[in-house]
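Notes follow once the structure below has been shown.
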Amino acid sequence: KQQNQYRWWSQDVIPTLLQPYMQYVCVTGSLSTVENVVVPPCVHSCGCRQLQVTCLYFDH
Numbered sequence: 093k094q095q096n097q098y099r100w101w102s103q104d105v106i107p108t109l110l111q112p113y114m115q116y117v118c119v120t121g122s123l124s125t126v127e128n129v130v131v132p133p134c135v136h137s138c139g140c141r142q143l144q145v146t147c148l149y150f151d152h
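Residue numbers (our numbering): 93 to 152.
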């Protein structure tokens, strides 16, 4: 079960999140103007769910 979870996160979930995250960082000026960002609506035919993600940077 752990191997399947690892594979799912490393091969499906994380790679799927990288491009939207990098676009978000670019749009927000490295997260300095987060309050002014408009999130585009979902364009996929799947059921949409919102997830709030908080990123903590300890090296800044």
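The beta-carbon is built from N, C-alpha and C at its ideal position, and this holds for glycine as well.
Keep in mind the model is a prediction, meaning the values are calculated, not measured.
ask   = How big is the Cα-Cα spacing for residue 102 and residue 93?
value = 14 Å
query = So what's residue 108 in DSSP terms, helix, strand or just coil?
reply = helix
key: From 113, 151, 121, residue whose alpha carbon lies closest to that of residue 144   = 113
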